[in-house]
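Just so you know, we're using the numbering used here here: the sequence shown kicks off at 7 and counts up by one. C-beta atoms are modelled at their ideal positions from N, C-alpha and C, and glycine is treated no differently.
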Amino acid sequence: MKKKKRKVFKIFIFICIVFIVTTAAALGYLMSLKNNITSSELPAKEVEANKPVNILMLGVDAGDYDNKKGNSPKRTDTMILASFYPKEGKIYMLSIPRDTRVKINGHYEKINAAHAMGGVPLTVKTIEKMLEIEINYYIKIDYEAFKKCIDAIGGVDVVVPFDMNYDAYDIKIHFNKGDKVHLNGEEAEKFVRWRKNNDGSGYAMGDLGRISTQQEFIINVFKKLKTPSGMVKIPKLIDTLSKNVKTNMDSKTMVSYLFKLKNIKESSIEKKILQGEPKYIGGISYFIYDKEKNTNYLSHFRLNNTESSKKKNIKVIILNSTGKNGLASEYKNKLISLGYDVVEIGNYSKKLNTTVINYYNQEVYGNDVYEDIGLGKISAANKNNDKADVVVILGSDAIK
């Protein structure tokens, strides 16, 4: 019995030493980095210590494989939003399917096109608008950086969920369902990218099945980093991150979250995929976001209800010039659901082809309404309006 107690005690001491040495090394290294890992693509929306924070993780594709310089537009292959509650020790993860249909610059696109069209700023803006949340930080990584990070922690163990047999120009993978395998960086990249085999078999739900595998992989990485063998790899991981990852999170903030994350239990991590349904529109396969089905889970990400609270201050009048019954009410309900204060609806005497959005004093209010309606043109009103900040005159382009 005494020998057993001594053995347990030695293991405990070993783990403590590993943790102290690792965290000290990580802290020292991170502090020496200063702002080396900070990207200027988008300013951070900083939060107070111990307050909930939203972090967007973006995995970008390789762009055009025939572009040898590697500077072709890159789409986001993976989008994961994480809400971290430091005090409660909770993490909520939400994966956004890359085929999600959204309106970007007035046209419907797949959400993964936002990065190719406008980089991180447009991607963040698009997600914030769709989910009605605020994103504090982002972390962007490409395939090469992903492989290096996995190699930096000594690889990851996974259980293969499906027979994977695929050979193509950019990916070759062969794994058997149910096998427990140890993946290095290159193998891990193939594992998280795989969707189907050469014979057409694969995940029943296509990209949604792949997303579930990616979420499980992230959990396995998290579990690896909490082991003694994983903890000693943290300084090397941080070094790799500093050279290969783009983020607007400064080193001091990273240190803070690093120490807080070590106390998170696997059972305290909740993960979901954005709810909706696949649908073909105009011959193109999209994923249609279901706002109502996501309301409850998204409450974890609406930390300060920032977007809604701003819009509650915007008073709107909607006038219908088309003669179509119920059109003003339809747009009233839409704007109210987005948080606006619609104070009046009615008809407009002159018929318009194009919707006009007149703003009074605050141009930003007009821009907000324009972006949420997704049509028409903005103009500054010539005189003040005591009732509203914005008047929307619906034209024939508002009829769907």
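Using DSSP bridges, identify the partner residues of Ile61. Ala88, Tyr143
**OP:** List the residues that DSSP assigns as beta-bridge partners of Asn353.
**Re:** Asn326
**Length at least 4, wholly inside the segment 103-175: the alpha helix (DSSP H) runs in chain order** = 119-137, 149-158
| field | Contact the segment 147-160 vs the segment 235-252: 3+ CB pairs below 8 angstroms | value | yes
> In terms of residues, what are the limits of the beta strand (DSSP E) holding Phe293?
Replying inline: 290-295
- Message: Between Glu140, Ser218, Val348, which has its C-alpha nearest Lys278's C-alpha?
- Response: Ser218
- Taking all protein chains shown into account, decide if Lys80 is buried (16 or more other Cβ within 10 angstroms of its Cβ) or exposed. buried
*What three-state label does DSSP hand Ala386 in the structure shown?*
strand
- Shortest alpha-carbon distance to Val396 belongs to which of Asp403, Ser402, Asn388? Asn388
Assess, as a yes-or-no matter, whether the segment 370-380 is touched by the segment 348-356 under the definition of 3 or more beta carbon pairs within less than 8 angstroms. no
Below 6 angstroms CB to CB, which residues in the same chain sit around Asp213 once its five sequence neighbours on both sides are set aside?
Pro103
Check: Does the Cβ of Tyr172 have 16 or more other Cβ atoms within 10 Å, making it buried, or fewer, making it exposed?
Finding: buried
Between the C-alpha atoms of Gly191 and Asp105, what's the straight-line distance to the nearest angstrom? 26 angstroms
| query | Per DSSP, Pro284 forms a beta bridge with which residues? | reply | Phe293
(Q) Tell me the DSSP secondary structure of Asp67 in three-state form. (A) coil
Query raised in the report: Which partner residues of Tyr98 appear in the DSSP bridge assignment?
Result: Ser89, Glu276
When the Cα atoms are used, what is the spatial distance from Lys51 to Asn60?
10 angstroms
Own chain residues within Cβ distance below 8 angstroms of Ala119, not counting five before or after: Arg81, Ile110
Would you please state the rounded distance, in angstroms, between the beta carbons of Asp163 and Asn226? I believe it to be under 8 angstroms.
-> 6 angstroms
* Taking one C-beta from the segment 194-205 and one from the segment 174-184 each time, how about it: are there three or more such pairs within less than 8 angstroms? -> yes
### Message
For the beta strand (DSSP E) containing Ile399, name the first residue and the last one.
### Response
396-400
Discussion item. I need the straight-line Cα distance from Val130 to Asp169, nearest angstrom please.
Written reply: 35 angstroms
So, Ile147 versus Leu64, is the Cβ gap smaller than 9 angstroms? yes
**Q.** Integer-rounded CB distance, given that Tyr337 should sit under 8 angstroms from Ile324
**A.** 5 angstroms
Of the listed residues Ile275, Lys258, Pro241, Ser207, nearest to Lys229 (C-alpha basis): Ile275
Inset, instruction - Could you tell me whether the Cβ atoms of Asn284 and Glu222 are closer together than 9 angstroms? - result: At residue 284 the sequence reads Pro, which differs from the Asn that was named. No, the Cβ-Cβ distance between Pro284 and Glu222 is not below 9 angstroms.
Exercise. According to the Cβ coordinates, are Glu114 and Leu62 closer than 9 angstroms?
Worked result: Note that residue 114 corresponds to Tyr in the displayed sequence, not to Glu. No, the pair does not count as a contact, with Cβ atoms beyond the cut-off.
| query | Which first and last residues belong to the alpha helix (DSSP H) in which Ala230 is found? | reply | Before going on, a small fix: residue 230 reads as Lys here, not Ala. It spans 213-231 - the alpha helix (DSSP H) in which Lys230 sits, taken as one unbroken run.
Exercise for review: Could you give the DSSP three-state label for Phe265: helix, strand or coil?
Suggested key: helix
query: Just curious, the beta strand (DSSP E) that Lys249 is in, first and last residue?
result: Note, Lys249: premise wrong, no beta strand (DSSP E); alpha helix (DSSP H) at 240-250.
*asked:* Given this structure, state the Cα-to-Cα distance separating Lys239 from Leu189, to the nearest angstrom.
replied: 16 angstroms
Open item on the list: Bridge partners for Lys202 per DSSP, in chain order?
Closed with: Gly208
Is Lys338 helix, strand or coil when you go by DSSP? helix
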